[in-house]
Amino acid sequence: MIVNLISDTVTKPTPEMLEYMMNAEVGDDVFKHDPTVNKLQEKVARMFGKEDSLFFPSGTMANQAAIKLHTNPGDKMFCDKWAHVFNYEGGGAAFNSGVSSHLIDGHRGMFTAEQLEKAISGRADIHVPYSRLVCIENTTNKGGGACWDINELKKIQKLTVDNNLAYHLDGARLFNALVAKDETPVQYGELFDTISICMSKGLGAPIGSLLVGSKEHIAKALRIRKLFGGAMRQVGYMAAAVDYALDNHVERLAEDHNRAKHLGEALENSPLIKKVEPIETNIVIFYVADGVDENEFVNKLAAKDILLISMGEGKLRMVTHLDFTDDMLEKTVSEIGKLKL
Ligand SMILES: *Cc1c(COP(=O)(O)O)cnc(C)c1O
């Protein structure tokens, strides 16, 4: 039994998901002739109370298309210093859109409306880049799966409206936040101009993300997706996997969150661990005690078929998901308890 806690992207389609995929009716989506894709896009738009949505091969491409559709070259976007759109998308905002990033010094990947208000002051000055976009991430990846307080998001929305800024949500793991906070997609659809969601993370589809927004924004996104090389053909098989995941794998995210909390408790009890970050969803970030070599910690667990990654400087990460079972949890807790370096 190999326990893979490296990421929630390591899941394999379940037999039921595969069967659902194999039975999908498909067509050429470039001609909008794929009924499974069309149905999925309508379903997700409706779910968020938005006019339209568009299927993408990756979350990165969905975010990059959003940045491009909201901005012109030379503009500036605001995001947290830990944001995926800044740190982990290959410099795409600069490369694809010619946009610079104004990084806000938030806490666990989240900033406040007050911080944003300070950051956007002086924007009428012709020396400074034109401010166009605010990008939020929920849950935060680098912030250890932390969830935003929706009231702060509302305050930020008001600022974006008052200052004529677009408001994009990188919701790669938004469903984890919705389940953890008992919130609804419509509440988020009301707040943001565009939202990207990743179906290949905790929801367990092999591929696929969606961007939701107004008809006008999604029409722009369709052209940009083509420009980025992301127009797909008989992709209904993949849309079917996403459709299946939305119907069957959302509520169960609570199980991932519970198992993450159990892992956190086991780590708290280990003398080898200095600190475990608060666990709100499915990401567990922790630090080895002084004098403990993090690579040795990773390697010793790997020798027991338990896989996790180091994030450098004594920081380690485990992510729970669809393929991480109670048996695997039990084994991991037991091995952490026995571990000696
Ligand atoms: C995974 C992730 C993405 C998109 O990733 P892809 O691998 O391109 O699908 C975007 N934002 C966050 C916060 C993520 O964790």
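FYI, in our numbering the residues of the sequence shown are 533 to 873.
Glycine residues also receive a C-beta, built at the ideal position from the N, C-alpha and C atoms.
Keep in mind it's a predicted model, so treat the numbers as computed, not measured.
*Counting only runs of 3+ residues fully inside the region 622 to 654, write out the beta strand (DSSP E) ranges in chain order.*
632 to 636
*Reduced DSSP category for histidine 659 - H, G, I as helix; E, B as strand; rest coil*: coil
_Cβ neighbours of valine 865 in the same chain (closer than 6 Å, five flanking residues each side left out)_ = Ala798
_Quick check: is any heavy atom of ligand 1 less than 7 Å from the C-beta of arginine 757?_
no
*Using only the heavy atoms of ligand 1, determine whether one of them is closer than 7 Å to the beta carbon of serine 741.*
yes
*Which ranges does the beta strand (DSSP E) cover as unbroken runs of at least 3 residues, wholly within the region 775 to 862, from first to last along the chain?*
805 to 808, 815 to 820, 841 to 844, 847 to 851
*In chain order, what residues of the same chain lie with their CB nearer than 7 Å to the CB of methionine 850, ignoring the 5 residues before and after it?*
Leu537, Leu795, Val816, Leu840
_Let me make sure I understand the geometry here. Which of Ala594, Tyr552, Leu648 has the alpha-carbon closest to that of aspartate 694?_
Leu648
*asked:* Judging by CA-CA distance, which residue of Trp614, Tyr620, Gly624 is the nearest neighbour of lysine 600?
replied: Gly624
*When the Cα of leucine 706 is compared with those of Leu685, Gly761, Ser728, Tyr699, which residue comes out closest?*
Ser728
*asked:* Between Glu809, Gly559, Ala771, which has its C-alpha nearest glutamate 574's C-alpha?
replied: Ala771
*asked:* Let me make sure I understand the geometry here. Which of Gly591, Asp607, Gly606, His602 has the alpha-carbon closest to that of glycine 622?
replied: Gly591
*Please list, in chain order, all residues of the same chain as leucine 742 whose beta carbon is under 8 Å from its beta carbon, the five residues on each side excluded.*
Leu572, Gln573, Val576, Ser585, Leu586, Phe587, Phe588, Ala594, Ser728, Ile729, Met731, Val774
*Expressed to the nearest angstrom, what Euclidean distance is found between the alpha-carbon atoms of histidine 749 and valine 666?*
16 Å
_When Leu691, Asn673, Gly677 are compared against alanine 651, the one with the closest alpha-carbon_ = Leu691
*Express the C-alpha separation of valine 535 and serine 831 in angstroms, rounding to a whole number.*
In the sequence on display, residue 831 carries asparagine and not serine. Roughly 13 Å separates the two Cα atoms.
*Note down, one range per segment and in chain order, each alpha helix (DSSP H) of at least 4 residues found wholly within the region 725 to 762.*
747 to 759
*asked:* Can you give me the C-alpha to C-alpha distance between phenylalanine 618 and leucine 697, rounded to a whole angstrom?
replied: 18 Å
_Between Lys806, Val767, Asn683, which has its C-alpha nearest lysine 564's C-alpha?_
Val767
*asked:* Going by DSSP in three states, isoleucine 534 sits in which element: helix, strand or coil?
replied: coil
*Quick one: using the 10 Å Cβ neighbour count with 16 as the cut-off for buried, is tyrosine 776 buried or exposed?*
buried
*Please work out which residues of its chain come closer than 7 Å, Cβ to Cβ, to arginine 655, disregarding the five sequence neighbours upstream and downstream, and give them in chain order.*
Ser663
*Can you grab the Cα-Cα spacing for the pair asparagine 876 / valine 718, in whole Å?*
Here the chain comprises residues numbered 533 to 873, so residue 876 is not present and cannot be evaluated.
*Host alpha helix (DSSP H) of lysine 608 (start-end)*: Per DSSP, lysine 608 belongs to no alpha helix (DSSP H); it is in the beta strand (DSSP E), 608 to 612.
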